[in-house]
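Numbering (the working numbering), first residue to last: 20 to 214. Worksheet: one structure, shown below.
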(Lines of atoms letter the chains of each structure in order from A and count residues from 1; the text may use other names and numbers.)
(Lines give C-alpha, C1' and ligand atoms only; values in the text may rest on other atoms or scores of the structure.)
Protein backbone atom coordinates (compact mmCIF):
# COMPACT_ATOMS: atom_id res chain seq x y z
CA UNK A 1 0.00 0.00 0.00
CA UNK A 2 2.86 2.37 0.82
CA UNK A 3 4.33 1.83 -2.67
CA UNK A 4 1.03 2.91 -4.21
CA UNK A 5 0.96 6.22 -2.30
CA UNK A 6 4.63 6.83 -3.05
CA UNK A 7 4.05 6.14 -6.77
CA UNK A 8 0.97 8.38 -6.75
CA UNK A 9 2.92 11.22 -5.08
CA UNK A 10 5.75 10.88 -7.58
CA UNK A 11 3.24 10.86 -10.45
CA UNK A 12 1.54 13.99 -9.14
CA UNK A 13 4.92 15.70 -8.62
CA UNK A 14 5.98 14.88 -12.20
CA UNK A 15 2.65 16.15 -13.57
CA UNK A 16 2.89 19.42 -11.61
CA UNK A 17 6.55 19.90 -12.59
CA UNK A 18 5.62 19.31 -16.22
CA UNK A 19 2.89 21.95 -16.05
CA UNK A 20 5.30 24.43 -14.44
CA UNK A 21 7.96 23.97 -17.11
CA UNK A 22 5.69 23.70 -20.17
CA UNK A 23 2.59 25.81 -19.45
CA UNK A 24 2.71 28.07 -22.49
CA UNK A 25 2.97 25.28 -25.02
CA UNK A 26 -0.05 23.58 -23.50
CA UNK A 27 -2.06 26.84 -23.26
CA UNK A 28 -1.19 27.85 -26.82
CA UNK A 29 -2.30 24.48 -28.17
CA UNK A 30 -5.68 24.81 -26.48
CA UNK A 31 -6.33 28.54 -26.99
CA UNK A 32 -4.96 29.12 -30.49
CA UNK A 33 -7.87 30.31 -32.63
CA UNK A 34 -8.47 28.78 -36.01
CA UNK A 35 -7.92 31.82 -38.24
CA UNK A 36 -9.84 32.00 -41.49
CA UNK A 37 -7.64 33.36 -44.27
CA UNK A 38 -9.56 36.22 -45.88
CA UNK A 39 -9.04 38.08 -49.16
CA UNK A 40 -9.73 41.80 -49.19
CA UNK A 41 -12.58 41.53 -51.68
CA UNK A 42 -14.42 39.27 -49.21
CA UNK A 43 -14.72 42.25 -46.83
CA UNK A 44 -16.61 44.25 -49.47
CA UNK A 45 -20.34 43.67 -50.13
CA UNK A 46 -20.95 42.18 -53.58
CA UNK A 47 -22.81 45.26 -54.85
CA UNK A 48 -19.85 47.53 -53.95
CA UNK A 49 -17.39 45.18 -55.64
CA UNK A 50 -19.57 45.01 -58.77
CA UNK A 51 -19.76 48.83 -58.90
CA UNK A 52 -15.98 49.21 -58.61
CA UNK A 53 -15.38 46.59 -61.28
CA UNK A 54 -17.58 48.63 -63.63
CA UNK A 55 -15.97 52.12 -63.61
CA UNK A 56 -17.39 54.98 -65.69
CA UNK A 57 -15.89 55.29 -69.18
CA UNK A 58 -14.70 58.87 -68.69
CA UNK A 59 -12.20 57.77 -65.98
CA UNK A 60 -9.93 56.38 -68.70
CA UNK A 61 -9.36 59.95 -69.91
CA UNK A 62 -8.15 61.30 -66.55
CA UNK A 63 -4.37 61.67 -66.36
CA UNK A 64 -2.68 59.97 -63.39
CA UNK A 65 -1.68 62.50 -60.75
CA UNK A 66 -3.82 65.31 -62.15
CA UNK A 67 -6.27 67.32 -60.02
CA UNK A 68 -9.12 65.24 -61.41
CA UNK A 69 -7.35 62.06 -60.24
CA UNK A 70 -8.67 62.05 -56.66
CA UNK A 71 -11.64 60.74 -54.73
CA UNK A 72 -12.44 64.31 -53.63
CA UNK A 73 -12.56 65.64 -57.20
CA UNK A 74 -14.71 62.72 -58.26
CA UNK A 75 -16.96 63.17 -55.23
CA UNK A 76 -17.54 66.85 -55.97
CA UNK A 77 -19.04 66.11 -59.38
CA UNK A 78 -22.71 65.39 -59.93
CA UNK A 79 -23.77 62.64 -62.30
CA UNK A 80 -27.12 61.62 -63.69
CA UNK A 81 -25.89 58.17 -64.68
CA UNK A 82 -26.84 55.40 -62.19
CA UNK A 83 -23.66 53.40 -62.92
CA UNK A 84 -21.46 56.41 -62.21
CA UNK A 85 -23.41 57.28 -59.05
CA UNK A 86 -23.09 53.72 -57.77
CA UNK A 87 -19.34 53.72 -58.54
CA UNK A 88 -18.96 56.98 -56.61
CA UNK A 89 -20.85 55.55 -53.62
CA UNK A 90 -18.71 52.40 -53.61
CA UNK A 91 -15.51 54.49 -53.38
CA UNK A 92 -16.57 55.78 -49.95
CA UNK A 93 -18.72 52.87 -48.78
CA UNK A 94 -18.75 51.91 -45.12
CA UNK A 95 -21.01 48.93 -45.88
CA UNK A 96 -19.49 45.77 -44.40
CA UNK A 97 -19.87 42.01 -44.60
CA UNK A 98 -21.44 41.16 -41.25
CA UNK A 99 -20.65 37.44 -41.42
CA UNK A 100 -17.04 38.30 -40.46
CA UNK A 101 -18.05 40.12 -37.26
CA UNK A 102 -16.21 38.70 -34.22
CA UNK A 103 -14.52 36.05 -36.38
CA UNK A 104 -10.81 35.18 -36.11
CA UNK A 105 -9.27 36.11 -39.46
CA UNK A 106 -5.87 36.15 -41.13
CA UNK A 107 -5.29 38.75 -43.86
CA UNK A 108 -2.24 40.07 -45.73
CA UNK A 109 -1.66 43.79 -46.01
CA UNK A 110 0.43 46.88 -45.46
CA UNK A 111 0.68 49.22 -42.47
CA UNK A 112 -0.28 52.89 -42.66
CA UNK A 113 1.08 54.35 -39.38
CA UNK A 114 -1.24 56.65 -37.42
CA UNK A 115 0.50 56.84 -34.01
CA UNK A 116 3.93 55.80 -32.72
CA UNK A 117 5.44 55.39 -29.26
CA UNK A 118 8.59 57.15 -28.05
CA UNK A 119 10.50 53.97 -28.90
CA UNK A 120 9.36 54.30 -32.55
CA UNK A 121 6.95 51.35 -32.36
CA UNK A 122 3.74 51.85 -34.37
CA UNK A 123 0.89 51.67 -31.85
CA UNK A 124 -2.05 52.69 -34.05
CA UNK A 125 -2.32 51.96 -37.74
CA UNK A 126 -4.54 51.08 -40.66
CA UNK A 127 -4.14 47.80 -42.50
CA UNK A 128 -4.61 48.34 -46.24
CA UNK A 129 -4.59 45.95 -49.21
CA UNK A 130 -1.85 47.64 -51.23
CA UNK A 131 1.31 49.67 -50.70
CA UNK A 132 0.92 53.44 -50.74
CA UNK A 133 -2.78 53.50 -49.89
CA UNK A 134 -3.66 56.64 -47.91
CA UNK A 135 -0.11 57.99 -48.36
CA UNK A 136 0.90 58.12 -52.04
CA UNK A 137 -2.56 57.61 -53.48
CA UNK A 138 -6.18 58.04 -52.38
CA UNK A 139 -7.35 55.72 -49.61
CA UNK A 140 -9.29 52.59 -50.49
CA UNK A 141 -12.99 52.47 -49.59
CA UNK A 142 -13.53 52.29 -45.81
CA UNK A 143 -14.62 48.65 -46.13
CA UNK A 144 -11.10 47.96 -47.41
CA UNK A 145 -9.34 49.52 -44.40
CA UNK A 146 -8.91 47.88 -40.97
CA UNK A 147 -7.98 49.90 -37.87
CA UNK A 148 -5.60 48.44 -35.27
CA UNK A 149 -4.44 49.70 -31.86
CA UNK A 150 -1.63 47.70 -30.25
CA UNK A 151 -0.30 48.94 -26.91
CA UNK A 152 3.11 47.25 -27.25
CA UNK A 153 3.43 48.47 -30.84
CA UNK A 154 4.71 46.94 -34.06
CA UNK A 155 8.17 47.47 -35.52
CA UNK A 156 7.94 48.90 -39.02
CA UNK A 157 11.20 49.26 -40.92
CA UNK A 158 9.64 50.26 -44.25
CA UNK A 159 6.20 51.13 -45.58
CA UNK A 160 6.98 48.66 -48.39
CA UNK A 161 6.97 45.71 -45.96
CA UNK A 162 3.92 43.42 -46.26
CA UNK A 163 2.62 41.55 -43.20
CA UNK A 164 0.15 38.87 -42.18
CA UNK A 165 -2.33 40.09 -39.58
CA UNK A 166 -4.27 37.71 -37.34
CA UNK A 167 -6.98 38.71 -34.91
CA UNK A 168 -10.68 39.04 -34.24
CA UNK A 169 -12.48 41.27 -36.73
CA UNK A 170 -14.94 43.82 -35.34
CA UNK A 171 -17.29 46.11 -37.24
CA UNK A 172 -16.42 49.60 -36.07
CA UNK A 173 -15.89 52.85 -37.98
CA UNK A 174 -12.68 54.77 -37.22
CA UNK A 175 -12.00 58.12 -38.87
CA UNK A 176 -8.57 59.67 -39.24
CA UNK A 177 -6.99 62.30 -41.51
CA UNK A 178 -5.43 59.40 -43.46
CA UNK A 179 -8.78 57.73 -44.15
CA UNK A 180 -11.76 55.94 -42.66
CA UNK A 181 -11.82 52.30 -41.59
CA UNK A 182 -15.06 50.30 -41.42
CA UNK A 183 -13.41 47.43 -39.53
CA UNK A 184 -11.20 47.01 -36.44
CA UNK A 185 -8.89 44.08 -35.67
CA UNK A 186 -8.50 43.03 -32.03
CA UNK A 187 -6.12 40.61 -30.25
CA UNK A 188 -3.66 41.18 -33.08
CA UNK A 189 -0.71 39.04 -34.07
CA UNK A 190 1.55 40.55 -36.76
CA UNK A 191 4.01 38.46 -38.79
CA UNK A 192 6.20 39.25 -41.80
CA UNK A 193 4.50 38.21 -45.03
CA UNK A 194 5.77 35.05 -46.61
CA UNK A 195 3.75 34.08 -49.69
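Using N, Cα and C, we set each Cβ at its ideal position, and we do this for glycine too.
With a cutoff of 8 Å on beta-carbon distance, residue 145 and residue 178 are scored as not near each other. Look at the beta carbons and you see the stretch 77 to 91 not touching the stretch 122 to 130: under three pairs across the two are nearer than 8 Å.
Within the model, the alpha-carbon separation for residue 118 versus residue 163 is close to 15 Å. Restricting attention to 180, 68, 80 and 115, the CA atom closest to the CA of residue 199 is found in 115.
Annotation: the continuous beta strand (DSSP E) that includes residue 129 extends over 122 to 135. In this structure residue 111 does not touch residue 201 by the C-beta definition: roughly 10 Å separates them, more than the 8 Å allowed. Residue state for residue 186 is assigned as strand, using DSSP reduced to three classes. When DSSP states are grouped into helix, strand and coil, residue 212 belongs to the coil group. A direct Cα-to-Cα measurement between residue 57 and residue 209 gives close to 15 Å.
In the DSSP assignment, residue 113 falls outside any beta strand (DSSP E), carrying neither H nor E.
Just measuring C-alpha positions, the residue of 197, 213 and 52 sitting nearest residue 121 is 52.
Rounded to the nearest angstrom, the Cβ distance from residue 71 to residue 106 is 7 Å, consistent with a contact under 8 Å. Taking the Cα of residue 154 as reference, the smallest distance to any Cα among 182, 174, 195 and 124 is reached at 195. In this structure, the beta-carbon distance from residue 158 to residue 197 falls below 8 Å. Contact check for residue 54 against residue 123 passes: the beta carbons are separated by less than 8 Å. The residues 186, 187 and 189, in chain order, have a CB closer than 7 Å to that of residue 205 in the same chain once the five nearest residues on each side in sequence are set aside.
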